[in-house]
Structure formats: C-alpha cells, structure tokens
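Enquirer: Next up is a structure, given as structure tokens.
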C-alpha cells in the first residue's frame, strides 16, 4: 500500500520532501569494470568484442556473424504476426509524423550594419542505438530512437542488441527494419558501447549513441561522452496523475500500475483534491495487484515509492507537480488545458481521461524517451533535434567590419588578447587606406 | 614552426591522421579531490565553501560577504572606461538580437484521428554561470552565457567568479550587470559548482550550470550532471582557415595566432590550394611571433599543433575540414558561400576575408561557446535552447482512442506489459458500452 499525504497535515512538508528525495536506485559501481572493457575493445577490436560476448551472452560469434545478415532478418521478421506488424507500422507512422514537425528551420539575415548572420542545421552522420536484450528488449523503444534519427537525416544508423544464448526478439528486428536502421549487431553491454564509440574492424564508429541500458551500459555511455554524443542517462520511470473525483478509479489505478510494472524503483503518484476519491483509487490498485502478471514488481514499486496526495485545490496540485517535475504527467480533470497552462516542469503531458500514458508509450506520436528523476527541470525528451547540430554563420562586409570591428578591438585589448585585436585592426587599417 | 602537409604526398594520410589524433590536453586526474569537495559542500554548506575559499583563494568570507552587494558592484563598474562600457553594450545588444531569433515556437495541432498533439517550450527556472578568475576571466564569456539565458527567460541567474586574493575584474561585474544577472558570488572552483548544484544556506540551488573552468571545475560539472543540467565540457580551442592565394598573408597569420594565443594546447590550421601562399602565411606568422605579447603561448601552440596543409582544390579542403570538424572555420576564398555549402561539420563559420574570427568572439552576434575537439560532429554552440526544455502534449478524444488504442494494446501485450494494455482496454470497453 502506498503512503497517503495531505497538504493540510502538519507533517506534510517533511513527508513530501522525503518523498522527493527518496533514493530509488542503487546503481552498482561498475565504473572500473567498464573502463577495462572499453580499453580492451579499443586495443583489440573485434577479438575483444567476441570474447566478451562469449563470456557474458554465452554466444560464439565471428566477425562475419557479428552482424545480422539480410537473410536472417527476413527469416526472423517473417515470424511476426500480421496484427503486431500492423501495430508497429501504425506506431512508426505516427512517431514519424510527430517528429517531422520538430525539424527546425535554417535562418540567414542581414542586419542594419550589413552583417549577414544565421545558422544551419545538419544531421549527425552516423548514430548508434543501444537496445537491451532479454525482458527489457522493447520494439517500441527501437522506434522511439530510430525514427527521430532517420527523420533528422542520419545517414548511417547502427543498432546493437545482445542476444543472450542466441535468443532473438523478432519484433525488435522488425521495428528496426520499419524504422530504416542500416546495420544490426548482436552484441551488448559496455563492449557494444565501446565498439560504437571507437569502432572495430567490423563496426565503423558512430558520432552519437542513444538508447537505454543497464548499469554497465550507462557507465560506458558516461565514459565515452565527449568522444561521441550521448542522450540522457535514464533513471527509473515515474508518473504523476492529477485527478478530480469525476474519474473512474480503475482507469487511474491501471495508469499508476502501468508505470509501477516497469521496475521496482519506478514511482507512481496520484494527486487529487478529493481524499475519498484517493482512497477509491488506492483500493482499485490493491484489487488490480491481486491479478496483474507483474504484480510482484508493481506491488513493490507502489509500496515503496507510491503515494496518494490530497490537495486543497488544483492550483496547489500544479505547484506540487512542478516541484516533482515528473517524467509523465496525466491531467484527468474537467479542464485539463487550463491546468496544463499552470505546469512548467514535466517531460510529457497527457490531457484528459481518454489519454492513458500507455497510448503515449506506443502510438501517440511524441517520444517515450523522457527526462526522469526530476531532470524535466532542465531537459527534454528525445527528439529529432538530438540527431542534429547547428553551425552558426557570420559574414562581414567592409562596412559592417568598420561599424563593429572597433568594439571587438576594444574588448580584445581589455582581455589582453593582442592577436585578436590585431586581426581586426590590420583589416580596419587596410579599409581606411583604401 | 608548424608542420607542412600536402595531400599529394605519399605520407599525407598517415600524417593527417596523426594530426587529428594528437592529444592536446593532459587533464590532471582531480576526480577524487573534487568528489571530496562536493561531499563537503553538501554536508556543511556555507562553512565548507568559506573554508575552501580561504584555502584556495586566500580570501576570508562570511555568509554575508559571499555575495557582491549592489553597492560594491556599483563601485566596481564605475571604474570601467566609457569606451569599454560602450563596447560591452554593443556586444550585448548584438548577442541578444542574434539569440532572440533562436527562440523556438510552441506547436499544437489536431491530426486526422482527432488526437491533439504538440509541445511547449519553457525556460529553466534558475541557472548558474561559472566565470573563471584570473587571466581567463573574460567579460565576453559572461555575455555569451548570460545573455542567451536571459533571452530564454531564465528567472534567476547566479554568477560565481573567484576573486583570488580579493582581485576583482570590474569588466566581469559590468558584463553581468548589462546581461541582467541576478546574483554574483565571489567563489570559484569545484566548491562553487557544488554550491550551485546542491545549494547552501546562502546560495539557492540552480537547475542548470554553464560556463568554462579549469580541470577542477570540469570534473565537478561532470559529477553534478544529472542532478543539474550542464553545458558541454570545453576542450582547448581550435581554428581552421581555408584560404586561396588571393588573401593578405598577415590577416590570416593573425587569425591563426588569435587562436594560438589562448592556450599552448590550442590548434591553428591553414588549408590552402596554393603551397607558396601557405609558406607566405607561415612567414607572416613567424614575424608576428617575434613581437606578440603572448608569443610564448602562441609560439608553443603553433609549433606543437599548428599545420599548413596544401590541397589540390577546395573540394578536397571541404572534405578534410569535415574530418577535422573544427570549432571555428574561416573561409577566405573567392566564393565563401559556395564553399560553405560543402561543409557539414563545424561549430561556427566565418565567411570571407572581412570576417576575422575575433569579430565572432566579441560582437558578431553568434555565440563564442562552441564545440571543441571534433565534437562539432554531434554538438552545437551554446544557444537560447540550452536554457529551455520542451514538454510534449497529447490529448485523445474517444474517437482517437478508438482509432489508435487497439494498436497500443497489441504492442503492450507483445512487450508483456499487461497493465499498459489494460489501461487502454478498460477505456475502450467503456466507450464500446456507451
């Protein structure tokens, strides 16, 4: 059973602060092991990757079999049921349609001094997408990472997905095919991140790596950051539901559980302006926890990190929500748009009772890779922008240089950077001669 | 003297690869010291910051004197010469005008299924800007960090700048004032980063930290990443100049030296299609190195990392440039726009002989905080976007949920996430009853 809080209680602030600060994840310190793996892959390339895959995934590879062949992919995806293929294609289409709108415009203008200024966006040339193996091998995550990369124009997109004991998930391969992935390698762990970042004889290096993974993968991404770009380091998932009493308690119970079933360290919080309704939702949760397949995980998450918070009104709910800065925020109230306008920090908003967060996980269109652990205060979900970079442009005419060059020279002098100042001065002198 | 390369030479590829891979910076391993400092500031707050400032900056502070008072700031900025004030204001105006154009639009649309989708940008609430003390305490960097933050709408902007032995740079305070900075603290090092990230009794925590610093500051930023957002970890600066023979060799020599004078590990490279012209520029560099104030630094950089590369034609120059992915790229050729169109990876472009990179450092308008060490392959210069985050929006109608919900349910089942599927199914059932 989750804990109950009420903003009217004297101990509310202390308990809410404790809830905010709860350490939900104990990351094992694998940094030294990961450093060794990366050094090994840099030094020995394919040989190291093959040895590590044999050790960790009990799978014997050669440089030739490291990559899935076109024939193998075709054979695997043929196993997928038509209904699942249709669902993946609908999801991909909707994710693509959403992310295409994120593509930013280039700009170029001439200012009153005659300087032409602007910028230009270009895609990263090559990206790598890490896909976990085993239980957390989600085809939906393949789409959520690969589709934005292809929308951005990434030319070469390589996927790594471990296949422990040779177990392959056909849906992951199909999602990669639908998204337009160019290469798929059956490797995983820190060795896959190292191979993507530094390259081996078989795997060409990439410029950016995205995708979720375990503690080893996260530590490896942190280590190769700088050599390549990375996306965020994802933490355990969380949902906040703000609801009035005019909701079906079971709907909200399932929304809370759809977060909790991910992970024992996931967090599900209900905020309501009606305490009795809060109890009804909690009862519905208990009922669902009797039958859910993943009730052990969901139950532990709800017990350890779940909460039902009663507030005086929805303004108070919005203020609490901003302190939490939730990854997912459902607004199940009479006027969700009005409440949304009062929210500043959230990864993704789901408005109204007909928008369960699970729709956003798969087919809504927006990305499901979102900032966790309060990082929505300063970061955003994955987008096409993550696979683009911007080059700024400046072009001075002689008149523009005459207008603004002297100020540059003054500032260079004040910073004791003589060559900076002289590079402007010699040009101004030549213009003044002419 | 820099080294000379020619793409026609048999050993070119080997030498160019060595140039690309040259390790220009030996970062001391200060990670353990920094971890201790951060833990100390988290545990003891102001007391720790005050003790560390006494030890490292030989400056005795109290919680009351940690922050510059309005009176002190006024007294310091009164010392600035009118010419310097005018130059800073011109720079700030131009930087502001450029960055205002970066502000992205919110979007909201309804798709054919009836789903309303979109996103909304909001500013980070509080940002911290680290400004180095001593020689590298550049007022221009204060503008380049603080102006975009204020353009983005950051409500609270705190600056930390160490004042070793009490030495204050009035121009830094004036730049902060012009940019609209809200708080200025005379602290530095890892203790300043820890105070900004975790807060102390005197300093409220921020959500994002930007700004350059030494190895201690860089290590501290890496460590607090996740708790707060950070900008890039900057490496030594670099410039690539692509020039034809129709240029003044002394102009280009000074452009190369304006990078080299920053740091012995800076890198300046000239690429030209005329070998004789390359030698002329190198001669002009040698002449300038006899008199430049910072000739020891600039000379070491040019000797150890400088290069003059002769290419067959400008297409080859563009291809080499993309392999370098330079922070600054000057195109001093007859048709710089045509050449720019062939460039994919660069932090900032400077087009034509009248656009010395130094103009961009101060008054051009684009940001001078740019991706170094080949990271322009995957990252961009600082911008207003770095102080914004995006919340995605989804709102389903009953009709939209009927249209796309079944696909979400199918995918949830295929990922064995039962509660996800049920949260959609119970709603579809209720709609089908109704």
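Protein chains in written order, with the working numbering: chain A, 66 to 499; chain B, 66 to 499. Think of the CB as a built atom: it goes at the ideal place given N, C-alpha and C, for glycine as much as any other residue.
List, in order along the chain, the chain B residues whose C-beta lies closer than 8 Å to that of residue 358(A)?
Expert: Here residue 358(A) refers to the residue found at position 293 of the first chain. Under the 8 Å cutoff, chain B gives 481, 483.
Enquirer: Name the chain A residues that come within less than 8 Å of residue 469(B), Cβ to Cβ?
Expert: In the second chain, the residue the question calls residue 469(B) occupies position 404. Residues of chain A passing the Cβ test: 155, 159, 424, 428, 429.
Enquirer: Of all the CB atoms in chain B, is at least one closer than 8 Å to the CB of residue 367(A)?
Expert: Working through the first chain from its first residue, we reach residue 367(A) at position 302. No, residue 367(A) lies away from the interface with chain B (no Cβ there is under 8 Å from its Cβ).
Enquirer: When you compare the CB of residue 109(B) with every CB in chain A, is at least one pair closer than 8 Å?
Expert: As a working note, residue 109(B) is residue 44 in the second chain. By this cut-off, residue 109(B) is not an interface position.
Enquirer: Could you name the residues of chain A that residue 84(B) contacts, counting a contact when the two beta carbons are closer than 7 Å?
Expert: What you label residue 84(B) is simply residue 19 of the second chain in a count that begins at 1. Per Cβ cutoff of 7 Å: no residues; residue 84(B) is ~17 Å from chain A at best.
Enquirer: Our contact map puts residue 391(A) next to residue 326(A) with C-beta atoms below 8 Å; I'd like the distance itself, whole angstroms only.
Expert: Taking the first chain and counting its residues from 1, the one referred to as residue 391(A) is at position 326. Taking the first chain and counting its residues from 1, the one referred to as residue 326(A) is at position 261. So it is not a contact: roughly 17 Å between Cβ atoms.
Enquirer: Measure from the alpha carbon of residue 298(B) to the alpha carbon of each residue in 445(B), 75(B), 97(B), then state which is nearest.
Expert: Sequence index remark: in the second chain, residue 298(B) carries index 233 (1-based). It is 445(B) whose Cα lies nearest to the Cα of residue 298(B).
Enquirer: So for residue 367(A), helix, strand or coil by DSSP?
Expert: One-based indexing of the first chain puts residue 367(A) at position 302. In this structure, residue 367(A) counts as helix in the three-state DSSP scheme.
Enquirer: Taking residue 120(A) as the reference, which of 447(A), 451(A), 228(A) has the closest Cα?
Expert: In the first chain, residue 120(A) corresponds to position 55, counting from 1. Checking every option, the nearest Cα to that of residue 120(A) belongs to 228(A).
Enquirer: From the DSSP secondary-structure annotation, give me the bridge partner or partners of residue 184(A).
Expert: Position 119 of the first chain, counting from 1, holds the residue named residue 184(A). Paired residues: 172(A), 457(A).
Enquirer: With a floor of 4 residues, list each alpha helix (DSSP H) that falls wholly inside the segment 218-306 of chain B, ordered by position along the chain.
Expert: Runs found: 235-244, 254-263, 280-289.
Enquirer: Hey, does residue 421(B) have any beta-carbon neighbour from chain A nearer than 8 Å?
Expert: As a working mapping, residue 421(B) is identified with position 356 in the second chain. Closer than 8 Å: yes.
Enquirer: By DSSP, does residue 389(A) sit in helix, in strand, or in coil?
Expert: The count along the first chain starts at 1 and reaches residue 389(A) at position 324. Helix.
Enquirer: Taking CB distances under 8 Å as the criterion, tell me whether residue 70(A) reaches chain B.
Expert: For the purposes of this step, residue 70(A) is identified with residue 5 of the first chain, where counting begins at 1. No, its Cβ sits nowhere closer than 8 Å to a Cβ of chain B.
Enquirer: Given a threshold of 16 other Cβ atoms within 10 Å of its Cβ, counted over all protein chains shown, does residue 573(A) qualify as buried or as exposed?
Expert: Because chain A in this structure spans residues 66 to 499, residue 573(A) falls outside the shown range and cannot be described.
Enquirer: Hey, is the segment 195-208 of chain B in contact with the segment 427-438 of chain B, meaning 3+ C-beta pairs nearer than 8 Å?
Expert: Yes, the segment 195-208 of chain B is in contact with the segment 427-438 of chain B.
Enquirer: Mind listing the chain A neighbours of residue 463(B)? Cutoff is C-beta to C-beta under 9 Å, in chain order.
Expert: The residue you call residue 463(B) lines up with position 398 of the second chain. Simply 419.
Enquirer: Does residue 142(B) get closer than 8 Å to chain A when you measure Cβ to Cβ?
Expert: Residue mapping note: residue 142(B) aligns to position 77 of the second chain, counting from 1. Not an interface residue.
Enquirer: Here's the rule I'm using: 16 or more other beta-carbon atoms within 10 Å means buried, otherwise exposed. How should residue 126(A) be labelled?
Expert: Numbered from its first residue, the first chain carries residue 126(A) at position 61. Flag for residue 126(A) reads buried.
Enquirer: Could you pull out every residue in the same chain whose Cβ sits closer than 6 Å to the Cβ of residue 330(B), ignoring the five residues on either side in sequence?
Expert: Start at 1 with the first residue of the second chain, and residue 330(B) comes out as number 265. Here the set comprises 89, 90, 301.
Enquirer: Figure out for me which residue from 315(B), 339(B), 340(B) has the closest Cα to the Cα of residue 353(B).
Expert: Taking the second chain and counting its residues from 1, one reaches residue 353(B) at position 288. When only C-alpha atoms are compared, the closest one is 315(B).
Enquirer: Assuming the contact rule is C-beta atoms closer than 8 Å, residue 328(A) and residue 362(A) should be a hit. Round their C-beta distance to whole Å, please.
Expert: Taking the first residue of the first chain as 1, we reach residue 328(A) at position 263. Taking the first residue of the first chain as 1, we reach residue 362(A) at position 297. About 7 Å separates the two Cβ atoms, so the contact holds.
Enquirer: Short of 6 Å in beta carbon distance, which residues of its chain neighbour residue 251(A), apart from the five on each side in sequence? Order them along the chain.
Expert: As a first step, residue 251(A) must be located in the first chain, where it is residue number 186. 228, listed in sequence order.
Enquirer: Just reading off the alpha helix (DSSP H) that residue 193(B) is part of, what are its end residues?
Expert: The residue labelled residue 193(B) in the question sits at position 128 within the second chain. Not the alpha helix (DSSP H): residue 193(B) falls in the beta strand (DSSP E), residues 191-195.
Enquirer: Can you tell me the Cα-Cα spacing of residue 448(A) and residue 213(A), whole angstroms?
Expert: In the first chain, the residue the question calls residue 448(A) occupies position 383. In the first chain, the residue the question calls residue 213(A) occupies position 148. Answer to the nearest angstrom: the Cα atoms are 6 Å apart.
Enquirer: By Cβ distance below 7 Å, which residues in the same chain neighbour residue 381(B) in space, the five residues on each side in sequence not counted?
Expert: Counting from one through the second chain, the residue named residue 381(B) turns up at place 316. The residues are 72.
Enquirer: Going by CA-CA distance only, name the one from 112(B), 422(B), 467(B), 470(B) that's closest to residue 459(A).
Expert: In the first chain, counting from the first residue as 1, residue 459(A) sits at position 394. The shortest C-alpha separation from residue 459(A) is found at 422(B).
Enquirer: Can you tell me the Cβ-Cβ gap for residue 501(A) and residue 408(A), rounded? I've got them flagged as a contact below 8 Å.
Expert: Lying outside 66 to 499, the shown extent of chain A, residue 501(A) is not represented and no answer is given.
Enquirer: Is there at least one Cβ from chain B nearer than 8 Å to residue 298(A)'s Cβ?
Expert: Counted from its first residue, the first chain places residue 298(A) at position 233. Cβ-Cβ to chain B under 8 Å: yes for residue 298(A).
Enquirer: Is residue 144(B) buried or exposed, if buried means 16 or more other CB atoms sit within 10 Å of its CB?
Expert: Counting from 1 along the second chain, the entry for residue 144(B) is found at position 79. Classification of residue 144(B): exposed, given that the 10 Å Cβ count is below 16.
Enquirer: Does DSSP put residue 475(A) in a helix, in a strand, or in coil?
Expert: Along the first chain, one-based indexing puts residue 475(A) at 410. Here residue 475(A) sits in helix by DSSP.
Enquirer: Note down the Cα distance separating residue 464(B) from residue 177(B), rounded to an integer number of angstroms.
Expert: For the purposes of this step, residue 464(B) is taken as residue 399 along the second chain, with counting starting at 1. For the purposes of this step, residue 177(B) is taken as residue 112 along the second chain, with counting starting at 1. Spanning the two alpha carbons is a distance of roughly 10 Å.
Enquirer: When the Cα of residue 479(A) is compared with those of 116(B), 149(B), 181(B), which residue comes out closest?
Expert: What you label residue 479(A) is simply residue 414 of the first chain in a count that begins at 1. Nearest option by C-alpha distance: 149(B).
Enquirer: Can you have a look at residue 284(B) and say buried or exposed, based on whether 16 or more other CB atoms are within 10 angstroms of its CB?
Expert: On the second chain, position 219 is the one that residue 284(B) refers to. Buried, since its Cβ has 16 or more Cβ neighbours within 10 Å.
Enquirer: Ignore the nearest five residues each way along the sequence and tell me which others in residue 245(B)'s own chain have a CB closer than 6 Å to its CB.
Expert: On the second chain, position 180 is the one that residue 245(B) refers to. Hits under 6 Å: 215.
Enquirer: Does the CB of residue 294(A) have a neighbour CB from chain B at under 8 Å?
Expert: Within the first chain, residue 294(A) is the residue found at index 229, counting from 1. Interface residue, yes.
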